[in-house]
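Encoded as structure tokens, the structure appears first; notes follow it.
Chains as they are written, first to last, in this note's numbering: chain A, 1 to 101; chain B, 102 to 322.
Dropping the structure here:
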């Protein structure tokens, strides 16, 4: 039995929901950041499976662009995390509830 | 055969994703997340997208996760300290999320049943050549916008992570010795007097500057 499109979509939904639950549950900024990366990857899996299903390269192109955006997000996000840690000495998001460095 | 491979890699991905959320130590979460990326790359190979699979391993598991692990080690926060009880309202949220998850998976599995992939999986859809030719012709504008975004990210990361307001711009620091401009040490000197004063240790420089020694700051924890 060959894998069906719905299998990949179901896997993507499961991964995305785990990522959402992680963002809600976790309190460490870096752990929340990694859960966001997990959600991005779930969406990427959907893109690639639809690209393979419709035999169209556009989906894979946008996966490429999503990866670039994720890399930019990693650089800026980790810079923000370091700046917050310098002033607050903590990675807990509850300690950074004031929108001020 | 392919179904077995799918079940193997999907199970690995879900297990590692659960471990990302379940681990207290962010370093273990990062290692689990690398497992998710690797298994997703294997799934991309099964979906006839070898270029995306390679980029997934190189960019995600290589670059981004190395950056994350580096920041975790740099900040050196191991203790996910005592959990204050926010579980009270998180438990209903978790139940709702689980219900949504089960509902959407059931919906997908029931309604999208005609999902057989096209048989011609040996086509050149996922090859590097087709992706490159499309990327530089039809999708040139998103490509250029992405490059501008990367430039903004570089500048933003440098601006955010730079340490500011520490020393006077006249301070001279070279390896092996601490050379300080004399108007830092003695504020009665005029501002453009940059005669160097040499100190041998960080402590001595900190004492001259009247700031807390970094050794003392590291001794605190």
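Each residue gets a CB set at the ideal place from its N, CA and C atoms; glycine is no exception.
Item                                                                                                                                                                                                                  : Value
Identify which residue in B:241, B:113, B:172 and B:135 has its Cα closest to the Cα of residue 158 of chain B.                                                                                                       : B:135
Among A:6, A:80, A:64 and A:21, which one has its Cα closest to the Cα of residue 201 of chain B?                                                                                                                     : A:21
Residue 257 of chain B versus chain A: which residues are under 8 Å apart at the beta carbon?                                                                                                                         : 75, 76 and 79
Apart from the five residues on each side of it in sequence, which residues of its chain come closer than 8 Å, Cβ to Cβ, to residue 320 of chain B?                                                                   : At residue 320 of chain B the pLDDT is 49, less than 50, meaning the model places this residue with poor confidence and gives no usable figure here.
So is residue 193 of chain B in contact with chain A if we call contact Cβ pairs under 7 Å?                                                                                                                           : no
Measuring straight from C-alpha to C-alpha, what distance separates residue 250 of chain B and residue 53 of chain A?                                                                                                 : 30 Å
Whether or not the region 109-122 of chain B and the region 78-98 of chain A are in contact is what I'm after, with contact meaning three or more pairs of Cβ atoms, one per stretch, closer than 8 Å; do they touch? : no
At 8 Å on the CB atoms, spell out the chain A contacts of residue 138 of chain B, in chain order.                                                                                                                     : 41
Note down, in chain order, each residue of its chain lying with its Cβ closer than 6 Å to the Cβ of residue 247 of chain B, except the 5 sequence neighbours on either side.                                          : none
Do residue 60 of chain A and residue 209 of chain B have their C-beta atoms closer together than 7 Å?                                                                                                                 : no
Given a cut-off of 7 Å, decide if residue 69 of chain A and residue 29 of chain A are closer than it, judged by their beta-carbon atoms.                                                                              : no
Starting from the C-beta of residue 129 of chain B, find all residues in its chain whose C-beta is less than 8 Å away, skip the five residues before and the five after it, and write them out in chain order.        : 120
Counting Cβ pairs closer than 8 Å, one from the region 39-47 of chain A and one from the region 1-17 of chain A, do we hit at least three?                                                                            : yes
To which residues does DSSP link residue 28 of chain A through a beta bridge?                                                                                                                                         : A:92
Does the beta carbon of residue 32 of chain A sit closer than 7 Å to a beta carbon anywhere in chain B?                                                                                                               : no
Is residue 205 of chain B close to chain A, meaning its C-beta is less than 7 Å from at least one C-beta of that chain?                                                                                               : yes
Which same chain residues end up closer than 8 Å to residue 322 of chain B when comparing Cβ atoms and leaving out the 5 residues on each side of it in sequence?                                                     : Note on residue 322 of chain B: pLDDT 45, under 50, position unreliable in the model; no value is reported.
From A:50, A:98, A:8 and A:74, pick the residue whose C-alpha is nearest to that of residue 255 of chain B; which is it?                                                                                              : A:74
Helix, strand or coil for residue 107 of chain B, going by three-state DSSP, please let me know.                                                                                                                      : helix
Strictly below 7 Å CB to CB, what residues from chain A border residue 240 of chain B?                                                                                                                                : 61
Quick check on the burial criterion: 16 or more other C-beta atoms within 10 angstroms. Buried or exposed for residue 237 of chain B?                                                                                 : exposed
Anyone know if the C-beta pair for residue 165 of chain B and residue 55 of chain A falls short of 7 Å?                                                                                                               : no
Say whether chain A places a C-beta atom closer than 7 Å to the C-beta of residue 113 of chain B.                                                                                                                     : no
Contact check, residue 102 of chain A vs residue 261 of chain B under 8 Å by CB: the rounded distance?                                                                                                                : Only positions 1 to 101 of chain A appear in the structure, and residue 102 of chain A is not among them; the question remains open.
Give the residues of chain A in contact with residue 219 of chain B, contact being defined as C-beta atoms less than 9 Å apart.                                                                                       : 52, 53, 54 and 55
To which residues of the same chain is residue 19 of chain A closer than 6 Å at the C-beta, ignoring the five residues directly before and after it?                                                                  : 35, 38 and 39
Would you mind sorting residue 97 of chain A into buried or exposed? The rule is 16 or more other CB atoms within 10 Å of its CB.                                                                                     : exposed
For residue 56 of chain B, decide whether its Cβ has a neighbour in chain A, counting only Cβ atoms nearer than 7 Å.                                                                                                  : Not covered by the structure: residue 56 of chain B. The range shown for chain B is 102 to 322.
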